[in-house]
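Report on the following structure.
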Amino acid sequence: MTDNTETRRKGTALKSVSKYIDVIVLLSIIGEIFFFPSWHNFSGCVMTVIVWLIFRNFFFKKRIILEHPFSFLAFSSIFLASFIPLPATLIESKPITYGFQNPYETFFYQTLIFMVASLAFYAVVYKKRRTNNIIQRTLYKLNFFETEPSTLWILGLIGLLARIKSLAVVNEVQYGDAGNKFLEGLVYLQYAPIIMFFPTLSGLPYNKLRSNLVVIYASLTFVLSFAANSRQQMIYPIFTMLLLFILYLLKDNISIFSLLSPWKIGTIVFFIFFGLGFLSDVSLAMLANRKIRNDVSRSELLDNTIETMQNDKLMEKLRNTSIEVQDNVFSYSRGWDETYLNNFMINRYGNARVVDQTLYYANKIGYNNKKMQKSFFEKTLAIYPLPFLSALGIVVDKEELQYSPGDKLYFTGTHTPSALGGFRVTSLVGDGLATFGYWCFPIVFVLLFASFTLMDSLVLFKNGAILFSTLGLINIFGFLGIFRNSISCIVPLAYILRGFWQQCFTFWILVFMIKLIQIPKKRKRELYQRPF
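Under the numbering used here, the sequence shown is numbered contiguously, ending at residue 532.
This is the structure:
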């Protein structure tokens, strides 16, 4: 096979994926109309087609994924919120409007907010190609794009120690607990050694012994994730490996069939299918023990979770009574109800009923609500550290702000005393309309544009090559979940004002200290004075 033929074959990989998704969309529409014929469900099909056509024709391209991997993942989470509901509900024998009370309005605004996000992402990815801004150049000088095995192992050890320390904390980390909150922000570093498994991403030569050690290490992080009693933490190492693998295939123009035989791929798919059932059972066991999470140590919590999984009768009861598989959805006027998809992982990214519910309460309290605006302003101030606010003479009681925008929306609409502190999720469009009215659409555009731009600073173009920052690769799964359908407008704002800068600063400090230990004194000054 000639080089040109091989390149064309590999270049069509994403096109092949697009064709498969085209088939899924078509079959989902046919199934929805055949099994659940109604104009409400048809409008959901229209939303799915619109968002998929936009995503496929403008953004699902190899160049965009490689040059903007982290912002692409963040944008993809917004896409998934609109795309997942149709095929996922059909698989579960439900209509896409399962439990909805405002279907037309929900699908219209969900499509509109996706278009706004698309415009913001388009403005970022279709600007002048392969240019580096001042943030990228600064991060390059600060060694964000330079990787050494010893540095990655030390970062991983720091993350593991932070994880172990967090497991020893009985109660949830609260405002004012600066030490534990700082350590909590370092937990993601435990995944640093994993990037060594993908040589061209980390810039390191392949080493068989090192790769084997990384596999053992990744297995250890997976086991430790169970002790956190967090479903998000449980899937974190799995999806970190998966996303790094996909980026590795695209960057090196590798076809998965050149690495694995069809038989091996089939075996992997088989184990993944049954693995999802196992993870679902683990999830149920975690939820069953969550009520004691703040009363026992993490080791005791892990023991109780394992005991629950070993109790066949109890597990069967949990499967049959799980809130995620119940059919008794009820009206929003009776209380908060997020029941939609059975699988907790898919539900995290495709729960369209959250959008429907938040729009219901937004309509109830009225758009551009003053109480929601006041809460947004207070939470904006609370983004900053207390010492900084105190220096400016600004008094903010963060203890009183320990509630989510979803809580505030629900409380404002129902005046339920127990609403605040439940940390209910919300949606970008529901929260945006309730807080800013129709001004939410230009506001969301600006917030997402700035967020995508900052994420792109973790990618560098040098001598015709694409370099991925170590920080971005370690936290790759975090980007996929940062803008999923359960966020409010405060999330991208917090990332712009503090999240990005704080993570970069702490990462730089740690790497700087590690390199001071590693390198000879005579090289310290020249290392940090390299020309770009």
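We put the CB at the ideal spot given by N, CA and C, even for glycine. No experiment lies behind these values; they were computed from the predicted model shown.
Under 8 Å between the Cβ atoms of residue i and residue j?
i	j	result
Gly421	Tyr403	yes
Leu73	Phe445	no
Leu460	Tyr140	yes
Phe500	Leu454	yes
Gly44	Phe145	no
Trp508	Leu142	yes
Ala362	Leu428	no
Phe479	Thr240	no
Val23	Val49	no
Ile195	Leu249	no
Ile158	Leu510	yes
Arg75	Phe452	Reading off the sequence, residue 75 comes out as Phe, not Arg. Contact: yes.
Ser71	Asp456	yes
Thr412	Met372	yes
Ile514	Ile154	yes
Ile365	Ala419	no
Gln502	Leu471	no
Gly203	Thr147	yes
Leu201	Leu473	yes
Ser331	Pro405	no
Ile466	Leu66	yes
Val125	Ile54	no
Asn485	Val355	yes
Is it buried or exposed for residue i, if we count other Cβ within 10 angstroms and need 16 for buried?
i	result
Tyr20	exposed
Phe100	buried
Ser390	exposed
Ala88	buried
Ala218	buried
Glu32	buried
Leu209	exposed
Tyr236	buried
Phe449	buried
Gln529	The pLDDT assigned to Gln529 is 49, lower than 50, so where the model puts this residue is not dependable; a value taken from the coordinates is nonetheless given after this. Flag for Gln529 reads exposed.
Arg56	buried
Val46	exposed
Ile323	Interpretation of Ile323 is limited by its pLDDT of 47, a score under 50 that renders its predicted location unreliable; no figure is taken from the coordinates.
Gln232	exposed
Val215	exposed
Thr221	buried
Asn475	buried
Ala285	buried
Asp252	exposed
His68	buried
Val170	For Val170, the predicted structure reports a pLDDT of 46, less than 50, and the residue's modelled location is therefore unreliable. A value from the coordinates is still provided. Classification of Val170: exposed, given that the 10 Å Cβ count is below 16.
Phe34	exposed
Ser16	exposed
Going by DSSP, which residues form a beta bridge with residue i?
i	result
Lys462	Ala465
Taking residue i and residue j to be in contact with their CB atoms under 8 Å, please state how far apart those CB atoms are, rounded to whole angstroms.
i	j	result
Asp407	Phe423	6 Å
Ala494	Ile346	Ala494 to Ile346, Cβ: 26 Å. No contact.
Ile78	Ala117	5 Å
Ile490	Thr358	At roughly 14 Å, the Cβ-Cβ gap does not stay under 8 Å, so Ile490 and Thr358 are not in contact.
Pro193	Pro199	Pro193 to Pro199, Cβ: 13 Å. No contact.
Tyr98	Tyr340	6 Å
Asn102	Tyr367	Not a contact, Cβ separation roughly 14 Å.
Asp281	Met309	6 Å
So with Cβ pairs under 8 Å, would you call residue i a contact of chain C?
i	result
Ile443	Of the protein chains in this structure there is only one, and it is not chain C.
contact_flag[the segment 339-355, the segment 69-88] where n(CB pairs < 8 Å) is 3 or more: yes
Given 8 Å, three or more beta-carbon pairs between the segment 88-95 and the segment 121-136: Segments in contact, no.
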